[in-house]
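Reminder that position 17 of the sequence shown reads as 16 in numbering that gives the first Met the number 0, one-by-one numbering, no gaps.
Backbone N, C-alpha and C fix where the C-beta goes; we use that ideal spot for every residue, glycine too.
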Amino acid sequence: MSTKSAFVPLRSAPVVRRCADNPILAPHQVPYGPAMVFNAGVAKYEGRYVMVFRNDYGDALTERVDPASTTNLGLAFSKDGIHWDVQPKPCWQWHDEEVVRVYDPRLTVMEGKAYLCFAVDTRHGVRGGIASTEDFETFDIHSLSTPDNRNMVLFPEKVNDRYVRLERPMPVYGRGGRDRFDIWLSSSPDLADWGQSALVLGVEDVRFANDKIGPGAPPVRTKHGWLTTFHAVDIDPQRGKNGWEASWTKRYSAGIMLLDADDPSRIVGLYREPLLAPEAPYETDGGFRNDVIFPGGMILEDDGEVKIYYGSADTVECLATAHVDDLVQLCLQGGKLDRQGGG
Ligand code: BMA
Numbered sequence: 000m001s002t003k004s005a006f007v008p009l010r011s012a013p014v015v016r017r018c019a020d021n022p023i024l025a026p027h028q029v030p031y032g033p034a035m036v037f038n039a040g041v042a043k044y045e046g047r048y049v050m051v052f053r054n055d056y057g058d059a060l061t062e063r064v065d066p067a068s069t070t071n072l073g074l075a076f077s078k079d080g081i082h083w084d085v086q087p088k089p090c091w092q093w094h095d096e097e098v099v100r101v102y103d104p105r106l107t108v109m110e111g112k113a114y115l116c117f118a119v120d121t122r123h124g125v126r127g128g129i130a131s132t133e134d135f136e137t138f139d140i141h142s143l144s145t146p147d148n149r150n151m152v153l154f155p156e157k158v159n160d161r162y163v164r165l166e167r168p169m170p171v172y173g174r175g176g177r178d179r180f181d182i183w184l185s186s187s188p189d190l191a192d193w194g195q196s197a198l199v200l201g202v203e204d205v206r207f208a209n210d211k212i213g214p215g216a217p218p219v220r221t222k223h224g225w226l227t228t229f230h231a232v233d234i235d236p237q238r239g240k241n242g243w244e245a246s247w248t249k250r251y252s253a254g255i256m257l258l259d260a261d262d263p264s265r266i267v268g269l270y271r272e273p274l275l276a277p278e279a280p281y282e283t284d285g286g287f288r289n290d291v292i293f294p295g296g297m298i299l300e301d302d303g304e305v306k307i308y309y310g311s312a313d314t315v316e317c318l319a320t321a322h323v324d325d326l327v328q329l330c331l332q333g334g335k336l337d338r339q340g341g342g
């Protein structure tokens with residue numbers, strides 16, 4: 000019997016097309032030898048596309064991840080958002096007595112400046128950070144959260160004169176001692192002090208999640224509100240080996256929602272089905288953790304095409320596209336989320 004049989008099949012939305020060139024970035028294209036290249040942040044900056052991607056080290060042939068090695072962040076540029084020139088060296092690695100690694104970057108361009116949101120594993124928990132950079136060589140850190148929090152994504156504009164971010168704290172005690180993680184929104188006057196936090200989307204609001212959810216790519220502005228992806232995780236404890244790992248029981252899909260333009264803690268439209276579910280061979284087979292779609296970049300082009308970048312199977316980086324009107328329609332058809340006293 001297939002180890003996948005207990006999973007309810009999930010399908011991607013018909014309005015989304017996977018890029019024929021997928022995966023658009025794979026380990027063999029990176030000259031400093033990672034075994035996995037995934038979960039990238041992507042933006043248009045100074046006339047070209049820029050990608051900051053996660054590199055994890057290990058041995059794809061023996062299917063081993065090296066626990067002693069750390070992760071670094073790579074850098075690539077592109078003229079078309081599909082074909083990438085990978086730069087010869089990683090752009091950031093953070094590893095010292097306290098910090099284990101920095102990973103899962105997201106990119107936002109705001110007021111002409113590039114901002115990088117990132118997760119940091121430390122000896123005292125997982126922190127979420129925001130940095131800015133002029134040259135993608137040095138990064139100025141504006142804030143680092145308390146543990147445990149990550150998956151921060153910064154909006155590309157201030158809302159009501161405050162910087163805004165989505166984030167995903169990990170409340171274990173308060174949510175029954177297991178993963179029941181939700182998407183929150185916080186704002187800041189200066190990118191350093193974050194507060195006025197509000198719940199945006201609970202894991203129980205997402206039909207295709209039974210475990211946890213988290214923000215995907217930084218939102219893009221549409222005339223109907225802020226369009227943004229999220230990841231949604233469902234677990235099947237029966238599931239056995241499904242990747243290099245001895246046991247990988249989770250599946251990650253991408254969802255999409257529309258947030259109110261002036262109060263982005265309010266959901267004005269939530270597509271009730273997955274936007275992207277693992278279906279293509281590079282998503283379901285041969286990776287470190289199969290059946291993982293982890294969206295981290297979204298670009299709205301002038302002609303209405305939306306580029307959705309996602310890490311696939313924690314091993315390669317992929318691209319899918321859709322028209323912005325179709326995505327907005329999916330969300331609006333799903334309806335708004337009415338939450339009583341959600342904070
Ligand atoms: C999450 C993060 C992501 C990763 C995902 C699937 O907890 O670590 O970076 O893509 O798991 O392994």
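Are the CB atoms of Gly214 and Asn150 nearer to each other than 7 Å? One point to set straight first is that residue 214 is Pro, not Gly, in the sequence displayed. Against a cut-off of 7 Å, the Cβ pair of Asn150 and Pro214 comes out as a contact.
Ordered along the chain, which non-local residues of its own chain (more than five positions away) have a Cβ less than 6 Å from that of Gly341? Note that Gly341 scores a pLDDT of 48, beneath 50, so its modelled location is shaky; the value from the coordinates is reported in the next line. Once the five neighbours on either side are set aside, the close Cβ partners of Gly341 are Leu198.
Buried or exposed: which applies to Leu60, given that a residue is buried once 16 or more other Cβ atoms fall within 10 Å of its Cβ? exposed
For a quick check, are the C-beta atoms of Leu269 and Gly333 less than 7 Å apart? yes
For a quick check, are the C-beta atoms of Ile212 and Ile182 less than 7 Å apart? yes
For a quick check, are the C-beta atoms of Leu24 and Pro273 less than 7 Å apart? no
When you compare only the Cα positions, how much space is there between Pro104 and Gln237? 32 Å
Taking the alpha-carbon positions, what's the Ile298 to Lys43 distance? 8 Å
Do the CB positions of Ile234 and Asp210 come within less than 7 Å of each other? yes
Reducing DSSP to helix, strand and coil, say where Pro168 ends up. strand
With a 10 Å radius around its C-beta and 16 neighbouring C-beta atoms as the bar for buried, classify Gly239 as buried or exposed. exposed
Any idea what DSSP makes of Pro280, helix, strand or coil? helix
The alpha helix (DSSP H) with Leu381 in it runs from where to where? One cannot answer for residue 381 here, as it falls past the ends of the chain, which runs 0 to 342.
Nearest-angstrom Cα distance between His123 and Ser144? 12 Å
In angstroms with no decimal places, state the Cα-to-Cα distance between Tyr251 and Val327. 22 Å
Taking 7 Å as the threshold (C-beta atoms), are Leu257 and Cys317 in contact? no
Nearest CA to the CA of Pro89: which residue from Ser131, Pro146, Val36 and Asp262? Val36
What does DSSP give as the partner residue(s) for Asp233 in the beta ladder? Arg250
Mind checking which residues open and close the beta strand (DSSP E) that includes Gln195? Gly194 to Leu200
How would the residue list near the ligand BMA read, in chain order, if you kept each one whose beta-carbon is closer than 6 Å to any heavy atom? Asn38, Asp103, Tyr251, Arg288, Val291, Phe293, Gly310 and Asp313
Ala276 Cβ short of 6 Å to the ligand FAD heavy atom set: In terms of ligand content, the structure shown lacks the ligand FAD and carries the ligand BMA instead.
Mind listing, in chain order, the continuous beta strand (DSSP E) runs of no fewer than 3 residues lying wholly within the segment 27 to 75? 35 to 44 and 47 to 55
Please report how far the alpha carbon of Trp83 lies from the alpha carbon of His27, in whole angstroms. 13 Å
Can you tell me whether Gly173 is helix, strand or coil according to DSSP? helix
Val7 lies in the beta strand (DSSP E); which residues open and close that run? Counting along the chain, Val7 falls outside any beta strand (DSSP E), and DSSP gives it neither H nor E.
Among Phe76, Asn38, Asp55 and Tyr56, nearest to Glu45 - alpha-carbon criterion: Phe76
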